[in-house]
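Down below is the structure, laid out as structure tokens.
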Amino acid sequence: MQNGSLADDSCRSLPSTSVQVLIAALENAKHKGFENFQNMNSSAGTAARLPKTLPSPSRTGKIAFKVPGTDIDAETWYALYGELSENVTPLICLHGGPGMAHNYILPCAHLSSAPFSRPVILYDQIGCGNSTHLREKKGDTDFWTSDLFIAELENLQSYFGIKKFDLFGQSWGGMLGALYATKRPAGLYRLIIANSPASLTTWVEVADKLRKELPKDIQETLTRCEEEGKTDTEEYETAMMSFYERHVCRVVPFPDELVQTLDQVKDDDTVYMTMNGPSEFNVIGSLKGWDITPELHKINAPTLLINGNYDEAQDITMEPFFREIPGKVKWVRFPESSHCPHLEETEAFVEAVGNFLTSESS
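Those letters in the sequence shown? Residues 1 to 362, per full-length UniProt numbering, in order.
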């Protein structure tokens with residue numbers, strides 16, 4: 001990251017008549033209270049010395065999960081990096097999708113190594129990856145709910161005996177993490193919301209705007225396939241790739257971790273199709289109209305917000321988190337990234353998150 005901007009909650013007093021006004025004020029940082037405003041440089045700092053390979057998990061396994069209100073016995077696959085200790089707060093990571101397995105957020109595992117040395121737990125939410133798949137539940141909106149995944153998260157905490165934890169959520173994972181935080185769970189210490197919308201209505205509006213910036217022939221292909229019900233074709237997938245390479249991950253070819261995640265959701269899109277729908281532009285699943293803005297005032301954990309300059313989670317989609325969450329809130333924007341700063345600007349991402357997790361002031 002060349003000029004990642006970190007702003008603190010002191011700008012909450014600024015008028016928020018438009019996101020452009022807010023962001024301009026963040027970047028100028030001229031008013032009292034911006035002691036924590038900083039520019040980050042990926043060519044310097046501790047995280048710039050990251051090893052080229054990811055750390056290996058200290059252990060992996062599966063956790064028995066009785067799906068509430070059903071007779072379904074499922075299993076949640078997990079990977080633990082580092083060792084759990086009463087003296088160090090672990091970081092639990094929520095992947096996106098819904099239904100996109102943990103592989104693409106594997107760079108979070110770097111936080112388990114020095115200098116940050118935080119125990120990190122990655123896991124696959126049921127319905128994807130190495131956890132139990134339930135293809136027969138495709139289209140069952142009563143089954144695939146946010147409450148299901150919160151119950152799974154709490155089951156994981158119980159399995160490990162975790163009493164205090166930090167929570168990282170990316171995209172859908174950030175939506176889930178924010179929802180969970182509004183319930184004020186006793187053990188939640190810090191919250192990280194990365195590349196997530198506060199409102200899916202705004203998310204779709206932004207996606208439509210970004211879509212109109214694609215080459216005309218790509219737009220026409222997307223529209224035709226959608227009108228003809230051919231969103232599961234290679235032609236549609238190829239056209240969507242033009243959007244993904246601009247606004248999901250700008251590292252081309254895609255990193256192996258992202259390819260692995262995309263391959264598994266292509267193999268089983270049960271959760272994604274049921275809760276989201278066929279694409280970023282066509283949210284027709286159970287999450288349609290999702291909006292957590294009215295509940296954000298209930299969050300009482302220090303919060304870090306993350307997005308990228310080219311992100312489909314544009315500033316306007318994340319601004320409600322910054323405006324409505326009371327208490328300490330910081331916002332990092334990565335200028336060279338889109339939806340996956342952890343893959344696009346890994347060193348700077350690890351440094352930003354690691355500093356937040358280890359800062360006494362956060």
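Note that CB positions come from ideal geometry on N, CA and C, so glycine has one too. All values reported here derive from a predicted model rather than from experimental measurement.
- The continuous alpha helix (DSSP H) containing Asn355 extends over residues 346-358.
- Beta bridge pairing from DSSP links Glu75 with Ala64.
- Rounded to the nearest whole angstrom, the CA to CA distance from Leu296 to Thr182 is 6 angstroms.
- Taking each of Val251, Arg190, Glu227, Lys266 in turn and checking the Cα distance to Val329, the smallest one comes out for Arg190.
- Cys225 and Ile284 have their alpha carbons spaced roughly 16 angstroms apart.
- Annotated as distal: Ser171 and Gly69, with beta-carbon spacing of 9 angstroms or more.
- Looking from the CA of Thr145, the closest CA among Pro107, Asn276, Ser56 belongs to Asn276.
- Our two residues, Glu136 and Gly173, have alpha carbons roughly 23 angstroms apart in a direct line.
- Proximity to Ser337 across Glu312, Ile325, Leu357 peaks at Glu312, based on C-alpha coordinates.
- Nearest neighbour of Leu148 by Cα position, chosen from Val251, Ile299, Tyr180, Arg118, turns out to be Tyr180.
- By the Cβ criterion, the segment 119-127 is in contact with the segment 149-160, since at least three pairs of Cβ atoms, one from each stretch, lie closer than 8 angstroms.
- Under the three-state reduction of DSSP, Ala194 is assigned to strand.
- For the pair of segments examined, the segment 317-328 was found not to touch the segment 345-352: the number of CB pairs separated by less than 8 angstroms stays below three.
- Relative to Val67, the option among Tyr104, Thr89, Gly61, Gln125 whose CA is nearest is Gln125.
- Note that the C-beta distance between Leu167 and Leu222 is not below 9 angstroms.
- Membership of Cys93 in the beta strand (DSSP E) is indicated by the continuous run 91-94.
- Boundaries of the alpha helix (DSSP H) around Gln260: 256-267.
- For the 9 angstroms CB-CB criterion, Ile306 and Ile218 do not form a contact.
- Between Cys108 and Ala79, the alpha-carbon positions lie close to 12 angstroms from each other.
- Take Asn130, set aside five residues on each side of it, and the residues of its chain with a beta-carbon closer than 6 angstroms to its own are Trp77, Asp124, in chain order.
- Excluding its 5 nearest sequence neighbours in each direction, Thr233 has C-beta neighbours in its own chain below 8 angstroms: Cys225, listed in chain order.
- Among the bridge pairs identified by DSSP, Lys183 is matched with none.
- Non-local beta-carbon contacts of Ala101 in its own chain, meaning distances under 6 angstroms to residues more than five positions away in sequence, involve Asp124, Cys128, Gly129, Thr261, Gln264 in chain order.
- In the three-state reduction of the DSSP assignment, Ser131 falls in the coil class, being assigned neither a helical nor a strand state.
- Judged by their CB atoms, Ile72 and Met175 are not nearer to each other than the 9 angstroms cut-off.
- Measuring C-alpha to C-alpha distances from Phe356 to each of Phe116, Tyr81, His110 identifies Phe116 as the nearest.
- Annotation for Phe165: the continuous beta strand (DSSP E) segment containing it runs 165-170.
- Sequence-distant partners of Ser199 (beyond 5 residues in either direction) whose C-beta falls short of 8 angstroms from its own C-beta, in its chain, are Trp290, Asp291, Ile292, Thr293, Thr317, Pro320.
- By the beta-carbon neighbour count (other beta carbons within 10 angstroms, threshold 16), Ala114 is exposed.
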